[in-house]
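Trainee: Under my numbering, the first residue of the sequence shown is numbered 924, with each subsequent residue one higher. Glycine included, each C-beta is placed from N, C-alpha and C at the ideal position. The following block contains the structure, expressed as structure tokens.
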Amino acid sequence: MALAQQALASPASYAGAARSKPQQHGVTELVLPVEQLSDMAMVLPMIAHLSQRDHSRWMTWIAPRGINRALLEAYGVDTQRLRIIHTQGETDCWMIWEALSSGTSHTVIASPGVITEKAIAQLDAAAKSGKCDGLLLRFR
């Protein structure tokens, strides 16, 4: 089941799915129409759900400067186990790779900008190695 589908599933179906098979880790891409803070309102409830998944590891968000803890908390994101790494613009893939592969995060969220299929495959392998999920927010 894809990361986005897991976040949208009801708690009962999510718990049942988690018991029935081992979790598959990897990278999910979410393409949004434009890069505006108002468009983040579409994904923040999903991120809030993901923030509740695993309190033994971090959720890491490699984010632009417009994201702050007060905004995240307003949408229900648990910021107690959240690391926000602010960037000046689009995130370099090496930073995402490091966060995914380290094993310290259950989920890594990032906005890589234009990215090749090869880079996505490398990030997917890093996520599997770190037993982590990656959520790549891309913009048209």
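Start and end of the beta strand (DSSP E) containing H1029?
Mentor: Taken as a continuous stretch (DSSP letters only), the beta strand (DSSP E) holding H1029 covers S1028 to A1033.
Trainee: At which residue ranges does the segment 963-1050 contain complete beta strand (DSSP E) runs of 3 or more residues, listed in the order of the chain?
Mentor: Listed in chain order, they are 981-986, 1005-1009 and 1028-1033.
Trainee: Comparing C-alpha positions only, which one of D1015, L1023, D1056 and C1055 sits nearest to T1039?
Mentor: The shortest C-alpha separation from T1039 is found at D1015.
Trainee: Comparing alpha-carbon positions, which option in L1046, L995, G949 and A1049 lies nearest M969?
Mentor: It is L995 whose Cα lies nearest to the Cα of M969.
Trainee: Looking only at its own chain, which residues have a Cβ that is under 7 Å from the Cβ of T1002, when we skip the five neighbours before and after it?
Mentor: Around T1002: R992, L995 and E996.
Trainee: Between W984, T1027, D977 and S979, which lies nearest to L967 when the distance is taken from Cα to Cα?
Mentor: For the residues W984, T1027, D977 and S979, the minimum Cα distance to L967 belongs to W984.
Trainee: Out of K1054, P1035 and L1005, which one is the CA nearest neighbour of M1018?
Mentor: When only C-alpha atoms are compared, the closest one is P1035.
Trainee: Quick check on Q947: buried or exposed, where buried means 16 or more other Cβ atoms within 10 Å of its Cβ?
Mentor: Classification for Q947: exposed.
Trainee: Taking 8 Å as the cut-off, does the segment 1040-1050 touch the segment 969-978 (at least 3 CB pairs, one atom from each stretch)?
Mentor: They do not touch, by the three-pair rule.
Trainee: Measure the C-alpha to C-alpha separation of I990 and T1010 and round it to an integer number of angstroms.
Mentor: Cα-Cα distance, rounded: 11 Å.
Trainee: Looking only at its chain, what residues have a beta carbon closer than 7 Å to the beta carbon of K1054, apart from the 5 residues adjacent to it on each side?
Mentor: Excluding positions up to five away in sequence, the list reads H948 and G1026.
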